Amino acid sequence: SKTVVTFIEFLLVNVLHNKSLIAAFFGLAALEGFITLAATSDAIGIYITFGIVPVIATLYYNKKFTVAINIVSYIVSYILMVISLYFKWRNGAAIFDNRDGLKGFCATYLPIVIGLTIEYIVVLLVTMMLTKRNTIVLTQKVTALKKLKESNEKIEEKNNQLEDTQLKIIQF
Numbered sequence: 001s002k003t004v005v006t007f008i009e010f011l012l013v014n015v016l017h018n019k020s021l022i023a024a025f026f027g028l029a030a031l032e033g034f035i036t037l038a039a040t041s042d043a044i045g046i047y048i049t050f051g052i053v054p055v056i057a058t059l060y061y062n063k064k065f066t067v068a069i070n071i072v073s074y075i076v077s078y079i080l081m082v083i084s085l086y087f088k089w090r091n092g093a094a095i096f097d098n099r100d101g102l103k104g105f106c107a108t109y110l111p112i113v114i115g116l117t118i119e120y121i122v123v124l125l126v127t128m129m130l131t132k133r134n135t136i137v138l139t140q141k142v143t144a145l146k147k148l149k150e151s152n153e154k155i156e157e158k159n160n161q162l163e164d165t166q167l168k169i170i171q172f
């Protein structure tokens with residue numbers, strides 16, 4: 001428990017300097033909690049939905065934030081997903097195809113967890129690649145906007161010089 005608090009403090013102090021990102025962090029944590037709560041129900045089939053938090057984090061277009069969310073989400077969400085699946089397995093959820101109770105833990109629970117683990121890792125890899133791509137594209141756009149602004153300033157300066165020259169010619 002102390003390790004989790006220390007890790008959250010590290011994230012808040014060193015990674016999330018921006019107050020809006022701190023609010024986003026807690027908002028995504030609340031969403032993760034809601035998904036986990038819904039996932040424990042036998043009637044609701046929530047599995048890959050655990051990957052929605054990293055996907056939403058990519059929409060903030062902040063590489064450090066997305067990496068932090070992916071790390072926390074992978075650790076916390078994955079553990080919560082496995083635990084919720086265990087409760088569903090114990091209650092005989094339909095996903096495990098073991099309502100009669102004849103199949104064992106290894107034949108029903110582990111294949112589902114391994115499959116969902118692969119899906120979860122793919123979601124995290126995709127979000128990390130999206131974040132990398134978004135960072136590159138946004139950097140290029142900012143550079144292009146700076147060049148455009150410099151170009152506009154030069155044109156405006158030349159325009160002012162032309163106006164001054166025209167005014168001198170008219171006054172002559």
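Its first residue numbered 1, the sequence shown is counted upward by one per residue in this note's numbering.
For each residue, glycine too, the CB sits at the ideal point set by N, CA and C.
As the structure is a computational prediction, the values presented were derived from the model and not from experiment.
For Met81 versus Ala38, is the C-beta spacing smaller than 8 Å?
no
Roughly how many angstroms lie between the CA atoms of Tyr120 and Val142, to the nearest whole one?
33 Å
Contact between the region 21-40 and the region 64-75: three or more CB pairs below 8 Å?
yes
Exposure label - Ile114; buried when at least 16 CB within 10 Å:
exposed
Measuring alpha carbon to alpha carbon, tell me which residue in Gln140, Asn160, Glu32, Lys146 is nearest Val72.
Glu32
Drop a sphere of 10 angstroms on the beta-carbon of Asn152, count the other beta-carbons inside from all chains shown, and report buried for 16 or more, exposed for fewer.
exposed
In whole angstroms, what is the alpha-carbon distance linking Val53 and Ala29?
8 Å
Using 10 angstroms around the beta-carbon of Ala57, count the other beta-carbons present and answer buried if the total reaches 16, otherwise exposed.
buried
Pick out whichever of Ser77, Lys63, Leu116 has its Cα sitting closest to the Cα of Thr131.
Lys63
Quick check on the DSSP output: what are the complete beta strand (DSSP E) runs of length 3 or more inside the region 97-155, in order along the chain?
none
Please check the pair Tyr74 and Leu124, which I expect to be a contact at CB under 8 Å, by giving their CB distance rounded to whole angstroms.
6 Å
What's the call for Tyr61, buried or exposed, on a 16-neighbour Cβ count within 10 Å?
exposed
Using the Cβ count rule (16 or more neighbours within 10 Å means buried), how would you classify Phe50?
buried
Run the CB neighbour count on Leu162, radius 10 Å, all protein chains shown included, and call it buried at 16 or more, exposed below.
exposed
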